[in-house]
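These notes are about the structure you will find just below.
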Amino acid sequence: MKEFLLFSRTGYTTGNFKSLMEAGRLDIVYQCILTSAFRAHGHRSDVVFHAILNGSPNPPLHLQINADGLRNARVDESSWAEILRDVLNGGEHAGISLEKASLQEVIKEKAADYKIFALVEGKRNVQDLDLSGNALFVVGDNSGLPRKDEGFVLRYGKRLSLGRFSYLAASCIDVINYELDLRETPQ
Ligand SMILES: C[S@@+](CC[C@H](N)C(=O)[O-])C[C@H]1O[C@@H](n2cnc3c(N)ncnc32)[C@H](O)[C@@H]1O
6 MKEFLLFSRT
16 GYTTGNFKSL
26 MEAGRLDIVY
36 QCILTSAFRA
46 HGHRSDVVFH
56 AILNGSPNPP
66 LHLQINADGL
76 RNARVDESSW
86 AEILRDVLNG
96 GEHAGISLEK
106 ASLQEVIKEK
116 AADYKIFALV
126 EGKRNVQDLD
136 LSGNALFVVG
146 DNSGLPRKDE
156 GFVLRYGKRL
166 SLGRFSYLAA
176 SCIDVINYEL
186 DLRETPQ
């Protein structure tokens, strides 16, 4: 299984919002869902996406999206605004769950069975890393991973860098999925 985790410093923990962007940048959560869970004509079967939402009023919340179990989810932003609004207000949606949990709790739970990677800008090393087997990739939002949380993730895993340019979190997930596709299903 391949899993992606976005640490959102400000993502709202309520569904009471006008737009994803104004909801503490839940639009970044949407973008990461898109690149984690979808190929052009359907969901990926072996991907789970997590977001830790640290915005008001009830942080932290752990949003989990199991791509294989997703139903009735198109790829446009307005559909996802509706889905996230509903789930954050206590509604149910196939393939999606929400619980009260912190980054630390999720990482500790995964560390037993998963390789953990913290995505951080720097000297490119993705080509040298063994990404086979279960792996969890942790990305920061538009402000990056807070230093202490990055340190925590690195206690359980390794730094993974795509180079010195800073890319959008969703672009990083796209690149990792592409790398995994190439390695696991040579074209
Ligand atoms: C828009 S970037 C954050 C930029 C922010 N200014 C910072 O200094 O962290 C969002 C996240 O994408 C990931 N990222 C961006 N560029 C990367 C790269 N070249 N290699 C690895 N991860 C990257 C990191 O996890 C980063 O926290």
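Sequential numbering of the sequence shown, starting at 6, is according to the working numbering.
We put the beta carbon where it would ideally sit given N, CA and C, even for glycine.
On the CB-based measure, 16 or more other CB atoms within 10 Å of its CB, does A56 come out buried or exposed? buried
Between the stretch 121-135 and the stretch 158-177, do at least 3 Cβ pairs fall closer than 8 Å? yes
How would you label N59, buried or exposed, when you count the other beta carbons within 10 angstroms and need 16 or more for buried? buried
Taking 8 Å as the cut-off, is the CB of V53 close to at least one heavy atom of ligand 1? no
Which same chain residues end up closer than 7 Å to A42 when comparing Cβ atoms and leaving out the 5 residues on each side of it in sequence? H48, R49, V52, F54, I70, A72 and L75
Restricting to Cα atoms, I'd like to know which of A78, L66 and Y35 is closest to N94. L66
Quick check: the stretch 153-162 against the stretch 29-42, are there 3 or more CB pairs under 8 Å? no
What do you get for Q192, buried or exposed, if any count of 16 or more other CB atoms within 10 angstroms of its CB means buried? exposed
Nearest by alpha-carbon distance to L31: which of I88, N77, E8 and A78 is it? I88
Which two residues bound the contiguous alpha helix (DSSP H) that contains K115? L108 to A116
Assign F157 to one of three DSSP states: helix, strand, or coil. helix
When DSSP labels each residue in this structure, what does N71 get in the three-state scheme? strand
If you measure from the CB of L150, is any heavy atom of ligand 1 nearer than 8 Å? yes
CA-to-CA distance, D118 to F9, given in whole angstroms: 15 Å
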